[in-house]
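Enquirer: Please see the structure below; I have some questions.
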Amino acid sequence: MAKKRVFVSFDCDNDRVIKEFIIGQSRLPDSPFEVIDCSMKEAAPEKDWEQTAERKIKGSNLVIVMVGRTTYRAQGVLKEIEMARRNGVKIVQMIGYQDGGYTAVPNAGRLYAWSWENLKKLCS
């Protein structure tokens, strides 16, 4: 079975570590998904960021928003969610931390606990 192409959206100013963890999970031998790209704000010049992100989101099967303490107000994340909704790409949220310090991102789909089982179900 083909792996799902996943775009990972995250607060690049505060949550780089959870981005790295989900990329690591995508590299496991039994992973049902591959990360086609992550939030582009950190890598692309501001001028091209939105066009590049939208192209990557369009090419994905799923956008996973990794939710941390301030993700709900991260401008890049909010724009990526808008792009996914505009292009009909499914969006889900994963709670990035176990300490409960998070707020769901508005209009970003259902909020799930981050677990290997949940990732496999969402990507099957």
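Heads up: the sequence shown is residues 268 to 391, going by my numbering. Ideal Cβ positions, reconstructed from N, Cα and C, are used throughout, including at glycine. Bear in mind that the values here come from a model prediction, so they are computed numbers and not experimental data.
Rounded to whole angstroms, what is the Cα-Cα separation between Y364 and V334?
Expert: The residue given as residue 364 occupies position 97 in the sequence shown. The residue given as residue 334 occupies position 67 in the sequence shown. Using only the alpha carbons, I get a separation of about 8 Å.
Enquirer: Rounded to whole angstroms, what's the CA-CA distance from Q318 to V284? Just pull it up for me.
Expert: For the purposes of this step, residue 318 is identified with residue 51 of the sequence shown, where counting begins at 1. For the purposes of this step, residue 284 is identified with residue 17 of the sequence shown, where counting begins at 1. Roughly 25 Å separates the two Cα atoms.
Enquirer: Quick one: residues in its chain with C-beta nearer than 7 Å to the C-beta of G326, no 5 flanking neighbours on either side, listed in chain order?
Expert: Locating residue 326 in the sequence shown gives position 59, where the first residue counts as 1. Hits under 7 Å: R272 and I303.
Enquirer: Hey, how far is the Cα of K387 from the Cα of P299?
Expert: To locate residue 387, count along the sequence shown from 1; it is residue 120. To locate residue 299, count along the sequence shown from 1; it is residue 32. Roughly 6 Å between the two C-alpha positions.
Enquirer: Given this structure, state the Cα-to-Cα distance separating Y339 from E347, to the nearest angstrom.
Expert: In the sequence shown, counting from the first residue as 1, residue 339 sits at position 72. In the sequence shown, counting from the first residue as 1, residue 347 sits at position 80. Going from the Cα of Y339 to the Cα of E347 covers about 12 Å.
Enquirer: With distances taken between CB atoms, is the gap from V330 to I358 smaller than 8 Å?
Expert: On the sequence shown, residue 330 is found 63 positions in, with the first residue counted as 1. On the sequence shown, residue 358 is found 91 positions in, with the first residue counted as 1. Yes, these two residues count as a Cβ contact at 8 Å.
Enquirer: Is it buried or exposed for S382, if we count other Cβ within 10 angstroms and need 16 for buried?
Expert: To locate residue 382, count along the sequence shown from 1; it is residue 115. S382 comes out exposed.
Enquirer: Buried or exposed: where does G368 fall if 16 or more other Cβ atoms within 10 Å of its Cβ makes it buried?
Expert: Taking the sequence shown and counting its residues from 1, the one referred to as residue 368 is at position 101. Exposed, by the Cβ-count rule.
Enquirer: Does the distance from the CB of E287 to the CB of S293 come in under 8 Å?
Expert: In the sequence shown, counting from the first residue as 1, residue 287 sits at position 20. In the sequence shown, counting from the first residue as 1, residue 293 sits at position 26. No; because the gap between Cβ atoms is not below 8 Å, this pair is not in contact.
Enquirer: Span of the alpha helix (DSSP H) holding K346?
Expert: The residue given as residue 346 occupies position 79 in the sequence shown. Residues Q342 to R353.
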